[in-house]
Amino acid sequence: MRVSSIGALSGLITLSLSAVGTASFITDCQNFATGFVNEDTVVLSSTYVTEGTVLTSPDICTAAVTATANFCRVKLKVATSDSSHVITEAWLPRNWKNKGKRLLMTGNGAWGGCLPYTDMALTSSLGFAAIGHDAGHSGPWANEFTNPEIFKDWVYRSLLAATKAGKAATNHIYGIDELSKSYFMGCSTGGRQALKLAQEYPDEYDGILAAAPTVNWVNLEFGEAIVALAVGLPGSPTFLTQEQWDAVVAATMEQCDGIDGVIDGILENPARCDFRPEALLCGPGQTWALNGCLTPVQIETVKKIYSPIYGNGGCYVYPALPLGGFNEQGFPFKYGTFSGGGVQDFLRYVVYNDSSYDLRSQFNYDTGDYMIDSEFFGAQTNKTDLSGFQASGHKLLMYHGQADTLVPPTSSYDYYNAVSREMSLQPSALDQFFRFFPISSLGHCIGGTGMNYVGGPSQIQSFPGALDNVPIRNSAIMTLVDWVEKGNAPDTLRGYKLSATGEILGQKDHCRYPRKTTYKGHGDPNKRTSWKCV
Ligand SMILES: *[C@@H]1O[C@H](CO)[C@@H](O)[C@H](O)[C@H]1NC(C)=O
Ligand SMILES: *[C@@H]1O[C@H](CO)[C@@H](O)[C@H](O)[C@H]1NC(C)=O
């Protein structure tokens, strides 16, 4: 039979070609440096990695991961000035050409210095050429920022250098000009990097996923300082312990949980809650230990934390922290001991170059004004004219947890609306290239109690089992890919509530702003069919 023998023959040819292709890919990987050219770049290593290999940490803050695909792991060092460089890794899957020929770079968190291995393991397994970098310095600290070149890398330059190097590496291993689509995703600092790309370098990425971006970054730091001073040190009259903040959240839920039409432990929109913390006020002779109540001074602290922040002359600085937020990550506790650095490190290593600078005794509103007036290489990341991005035809998908007590979600609403005003575009027009999804009960990138797994940056590591049980096509990443490549613009972003073992306990389709995720008035609130967009 003619037809079937031709079929058998072509099957044979395909098989032997792919066998040859595999062998040559491994050789190509080992010889990666041969013929590789990218400005100011040295190839540190290139290793063929097989699925199941454990990759250990290149720095103190990157957890080891198990490779979930076969790929060529390339390490590059790109000089950004005489005294700075960025380490970039590219994990280039063997099985790439028939998986969309895509690249995805994952951004950094906080001060950077940590390679996003967990996300790179995920994206390489999805077939993306997975790129990550160290933001220009190694380790989670800010002390190297006394060299302005290194801070400049953190603000934007490492992002560009890694983008260029990552694309060059991808083109080199698969053959010039093969790259079909490029994506970027990041949360927190990575969200800020995402917006920086959309604002200043609109041509680099076809699709950008910005989660909990630290937009208006200098104002965020100013606001953190004010919060730190308002809370005070543990033991001071103004201070609340984590248990006391938990009581505040419980009281918030008691007063406001039903505002969205259903008692489910979730504030669909915390901004609608008119919380009265005095409900927790101690009467004469009452104490926290005996009565679970708060002093008048502590109530003042609570009011400050949940109010917008103003500086000199009543100048608006930053939005309030969200009511009912996810405490475990929240500022108030961390600030008691300054663990994690935050704004104090910024003041020490960027603003003043004085490692003994003490925020608590030295910071005042004038310091804040000085910060706002300084350039810091564009760290604000607050450009609202996205016309370059609009013209590029590329897509920006932004989301922000409504329970984020590190970067208040209001900052993303404000940014969206500032873009709308600047460009004189209503949401129906912005929708063509910029969509924003508030995610109820999601903390900062991770954390929270509701339908808060959306398959976004930095999420995989804290939702065990999510990859096995949640269809990847519903993830924020693949939702963006679908928008970019098929024109399927998302109206909702699906969130999953997962048990500690990854079992799906609930689902919700979070609506794009300014539509509101609204309870239908009946039905199980853990079912997505009980909600609609209004
Ligand atoms: C910061 O201080 C260090 C140590 O005093 C000094 O070596 C460095 O040049 C300073 N950096 C700047 C930008 O002034
Ligand atoms: C960005 O922030 C700076 C303050 O650092 C401010 O002067 C400027 O007006 C802001 N730009 C926009 C578009 O809001």
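If you use mature numbering (1 follows the signal peptide of the UniProt record, and there is no 0), the sequence shown corresponds to residues -23 to -1, 1 to 511, in order.
We put the beta carbon where it would ideally sit given N, CA and C, even for glycine.
Fair warning: this is a prediction, and the values are worked out from it, not measured in the lab.
Cα-Cα separation between residue i and residue j, rounded to whole angstroms
i	j	result
C6	S159	21 Å
Y481	Y473	It should be noted that the sequence gives Ile, not Tyr, for residue 481. Answer to the nearest angstrom: the Cα atoms are 7 Å apart.
A207	F199	13 Å
residue 533	I286	For the chain, the structure presents residues -23 to 511; residue 533 sits outside this window and is missing.
S452	L402	28 Å
W508	M428	12 Å
residue 513	T278	Residue 513 lies beyond the range of the chain shown here (-23 to 511); nothing can be said about it.
T140	F216	44 Å
I37	R471	34 Å
D234	P467	28 Å
D180	A41	33 Å
L419	T426	7 Å
K360	V239	38 Å
G355	S364	18 Å
Q436	G168	13 Å
T218	G269	12 Å
A228	L257	8 Å
G317	L383	Low per-residue confidence applies at G317: pLDDT is 49, beneath 50, and the placement is therefore not dependable enough to give any value.
For residue i: DSSP bridge partner residues
i	result
G184	Y160, K372
S23	V51
D486	R471
A42	Note on residue identity: the sequence assigns Val, not Ala, to residue 42. According to DSSP, which records beta bridges pairwise, V42 is partnered with L32.
L258	L271
A107	W68, L81
Y293	Y287
H62	A56
I481	L475
H377	P415
T495	K509
Y430	Y473
Pick from the options that is closest to residue i, judged by C-alpha positions
i	options	result
M348	G365, L457, L324	L324
P273	D237, I286, E255, L267	E255
Y283	R249, L457, C292, A266	R249
G288	G345, V328, Q339	G345
N446	I240, W222, G483	G483
Y133	V226, D111, S397, S115	D111
A224	W68, Q275, N75	Q275
D130	N85, S388, R492	N85
W73	C510, Q232, D501, I150	I150
P70	A146, V327, A187	A146
R492	P502, G301, P415	P415
F411	N47, S397, C422	S397
residue 535	E126, F353, L156, L374	One cannot answer for residue 535 here, as it falls past the ends of the chain, which runs -23 to 511.
P190	S61, W460, Y393	Y393
Under the three-state DSSP convention, the category residue i falls into
i	result
G319	coil
M82	strand
A228	helix
D338	It is Ser, not Asp, that sits at residue 338 in the sequence shown. Note: S338 maps to helix in three-state DSSP.
C91	coil
W460	helix
Y329	coil
F9	coil
P415	strand
C510	strand
I423	coil
I153	coil
I37	coil
G442	coil
G301	coil
T140	helix
M(-23)	In this prediction, M(-23) scores a pLDDT of 32, lower than 50, which makes its location untrustworthy; no coordinate-derived value is stated.
Y133	helix
Y393	helix
T166	helix
T18	strand
T264	coil
Y178	coil
T218	coil
L197	helix
Cβ-Cβ separation, residue j to residue i (assumed contact under 8 Å), whole Å
i	j	result
E245	G424	Between G424 and E245 the Cβ distance is about 17 Å, and since that is not below 8 Å, they are no contact.
P296	D391	7 Å
L53	A119	Not confirmed; about 24 Å, so no contact.
L172	Y182	In fact, because the Cβ distance is near 12 Å, the residues do not count as touching under 8 Å.
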